[in-house]
Each structure stands twice: as structure tokens, then as C-alpha cells.
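These notes concern the structure reproduced below.
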Amino acid sequence: MPSTVDIIVRSRYDRRMTMIADERQGQLRALAALFHSLSDGTRLAIVHRLASGEARVADLVADLGMAQSTVSTHVACLKDCGLVDGRPVGRQVFYRLAVPELMHLLGDAETILETTDQAVLDCPIFGVQR
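Numbering-wise (our numbering), the sequence shown opens with residue 2 and increments by one.
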């Protein structure tokens, strides 16, 4: 039969393990949210364009060949996620990457695609129809 000391020590250990597991789950949810924010082709195109420098929505519309409402919606999403920020100049807003390290993440993702011979394209759930 375990002693009272053993029960108290185990109880404290179990609570710490639960706290660590809860913290890890929170980190995983945050990572999932980050990847979800980048899971749209339009948002990825905007991020890639902003990697080369600041741009107004009008510039993004011209560069990406998309509707202004579409670009604005996706820029707002990226801004809400903290990945893009804006610098107002008069009536215009110049957008830029708020987190330049984002380009390292995307570069690493491209390396993974090359390494796996782009097998993700054949994924029955997330793959691209060819």
C-alpha cells in the first residue's frame, strides 16, 4: 500500500504532467492556426509578393490579377493573424510582412516538398487534382 508521501508526490507529478500536456496542446493549436492562416493560395501569393517589399492593395491586385475585394479580404486575414502589418501614408496603406521569418518557414516547406518529391500533391485529402 502506498504511503501518504508517495500519494502526494505522485499527485504533484500528475498535475505537472497535465499542465505540460495542456501547454503542449496549446502550442499545437497555435501551430495549427498558423498553418491554417497560410493554407490558402491567395494568402500565400500575397505573402510571396510582400517578401519582395511593401505594397498597397492596388499593387497586389495588379501583381496577382485578382479582384480588389478578394485581395483586401486576404490581407485583412493576414493582418489579423499578425503576419502582415500596414503603414499608412495619407489615404494609402503600404503592407509588409510583420514577421520576415515567415519566408524561412516557406523556404523550409519548399525544401520538404522537394525532399518528398511533392508526394503531398497526391494526398487524397489535401492533394491537388491534376
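Yeah, the Cβ is synthetic: ideal placement off N, Cα and C, and Gly gets one too.
- Taking 8 Å as the cut-off, the Cβ atoms of LEU65 and VAL72 count as close.
- Counting the other Cβ atoms within 10 Å of the Cβ of ALA56 gives 16 or more, which makes it buried.
- Beyond the five residues adjoining it in sequence on each side, ARG44 comes within less than 8 Å, by CB distance, of SER38, HIS75, CYS78, LEU79 in the same chain, given in chain order.
- Within the region 73 to 101, no complete alpha helix (DSSP H) segment of 4 residues or longer occurs.
- As the crow flies, the alpha-carbon of ASP109 is around 23 Å from that of ASP86.
- Taking all protein chains in view, the Cβ of LEU98 is crowded by 16 or more other Cβ atoms within 10 Å, so the residue is classified as buried.
- Residue burial annotation: ILE47 is buried, with at least 16 other C-beta atoms found within 10 angstroms of its C-beta.
- Cβ-Cβ distances below 6 Å link VAL129 to LEU122 in the same chain, with the five nearest sequence neighbours on each side left out; the list follows chain order.
- TYR96 and ALA120 have their C-alpha atoms roughly 34 Å apart.
- Taking 4 residues as the minimum length, the alpha helix (DSSP H) runs contained wholly in the region 44 to 71 are 58 to 65, in order along the chain.
- Here the C-alpha atom of PHE36 lies approximately 32 Å from the C-alpha atom of ARG92.
- Per DSSP, ASP123 lies in no alpha helix (DSSP H) and is assigned neither H nor E.
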